[in-house]
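Engineer: Provided herewith is a single structure, encoded as structure tokens, for subsequent inquiry.
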């Protein structure tokens, strides 16, 4: 969204060599900014926050931290330090709940070897939480969303469906522990496996859903992405919940956004909504094969007017 609000970049080199230091910026909507430090390494910087997706405060903190850290992993980096970003309705919700949110986030950050160095809080009409995260990455081993090439398979490292189950949770109060487990799982091992396999192109699947993030990847890479619907992993209960009407407005908007560039083949609307389901702390989508994770499609030469094809 931010990329669309900024004025177009002027042609020619950036002043003071900034264009050489900023390896990844807003141009292709990648997962994080990457800046060369000059000593053979690069910094990865990202920020993410959102309103609660679950009722349990500690779980929300854990999910939000894993989600913020994921952007660093999606670039092939290692998180170093995070800053808490907290908005809290202090006259409505007790401070103890905010402490639970921060404690959950700290648990996940410690598991990632990421320090928490402070942060910022504001009085907010509704609760918000997330993190700004800085990490390190080898500039010669970046995972980018513009480096996809035809003939490369696509691997997805987490199942889809958390958006649908979260929506059902909000409306019914039902708790889906398996969805929480997926959202709180770090993408560190998947990132390391992608680098070990020689991958150079990846993104994480979050709010734009699989179709939205894959559309961005294909557009940035100048290719078309083919999705094998039958191969896409799905959380237990997600399809049934979708058919029962637990679809978020964000998921519908995701599908509307990609539909002009989508060849849906024989896919049903239910299948398309599942592929467009707005994820929170989803898996990595990697151009390449990763042992132990399903291949869900492939990249092919660009088809005019089409970034996505469903089979």
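Numbering (the numbering used here), first residue to last: 75 to 385. Here a beta-carbon is modelled for each residue, glycine too, at the ideal position from N, C-alpha and C.
Starting from residue 299 and walking both ways along the beta strand (DSSP E), at which residues does that stretch end?
Structural biologist: Start and end: 297-301.
Engineer: Which residue from 219, 144, 298, 308 puts its Cα closest to that of residue 380?
Structural biologist: Comparing Cα positions, the closest option is 298.
Engineer: Let me know if residue 286 comes out buried or exposed under the rule of 16 or more other beta-carbons within 10 Å of its beta-carbon.
Structural biologist: Its Cβ being crowded by 16 or more others within 10 Å, residue 286 is buried.
Engineer: Looking at C-alpha atoms only, which residue of 352, 291, 101, 376 is the closest neighbour of residue 238?
Structural biologist: Out of 352, 291, 101, 376, 352 has the C-alpha closest to the C-alpha of residue 238.
Engineer: List the whole-angstrom C-beta distance separating residue 155 from residue 120, where the pair is believed to meet the contact cut-off of C-beta under 8 Å.
Structural biologist: Between residue 120 and residue 155 the Cβ distance is about 12 Å, and since that is not below 8 Å, they are no contact.
Engineer: Out of curiosity, what's the CA-to-CA distance linking residue 187 and residue 313?
Structural biologist: Residue 187 and residue 313: Cα-Cα distance of roughly 35 Å.
Engineer: Where does the unbroken beta strand (DSSP E) through residue 158 begin, and where does it stop?
Structural biologist: Where residue 158 is concerned, the enclosing beta strand (DSSP E) stretches over 152-162.
Engineer: Alpha carbon to alpha carbon, how far is residue 361 from residue 400? Give it in angstroms, no decimals.
Structural biologist: As shown, the chain starts at 75 and ends at 385. That puts residue 400 outside it, with no answer to give.
Engineer: Throw me the rounded Cβ distance for the residue 384 and residue 301 pair, which I believe falls under 8 Å.
Structural biologist: The Cβ separation is near 5 Å, so the contact holds.
Engineer: Using the Cα positions of residue 98 and residue 107, report the straight-line distance between them to the nearest angstrom.
Structural biologist: Taking the straight line from one Cα to the other gives about 5 Å.
Engineer: Which residues in the same chain have their Cβ closer than 7 Å to the Cβ of residue 331, if we skip the five residues on either side of it in sequence?
Structural biologist: Excluding residues within five positions, the ones whose Cβ falls inside 7 Å are 286.
Engineer: Name the DSSP bridge partner or partners of residue 205?
Structural biologist: Note: residue 205 sits in a beta bridge opposite 122, 158.
Engineer: Reducing DSSP to helix, strand and coil, say where residue 194 ends up.
Structural biologist: Looking at residue 194 - three-state DSSP - the assignment turns out to be strand.
Engineer: Kindly identify the DSSP beta-bridge partner or partners of residue 109.
Structural biologist: BP columns for residue 109 point to 96, 117.
Engineer: Helix, strand or coil for residue 257 per DSSP?
Structural biologist: Residue 257 falls in the helix class under three-state DSSP.
Engineer: Could you tell me which of 101, 294, 162, 284 sits nearest to residue 308, measuring between CA atoms?
Structural biologist: It is 284.
Engineer: Our contact map puts residue 268 next to residue 259 with C-beta atoms below 8 Å; I'd like the distance itself, whole angstroms only.
Structural biologist: That pair is no contact at about 16 Å.
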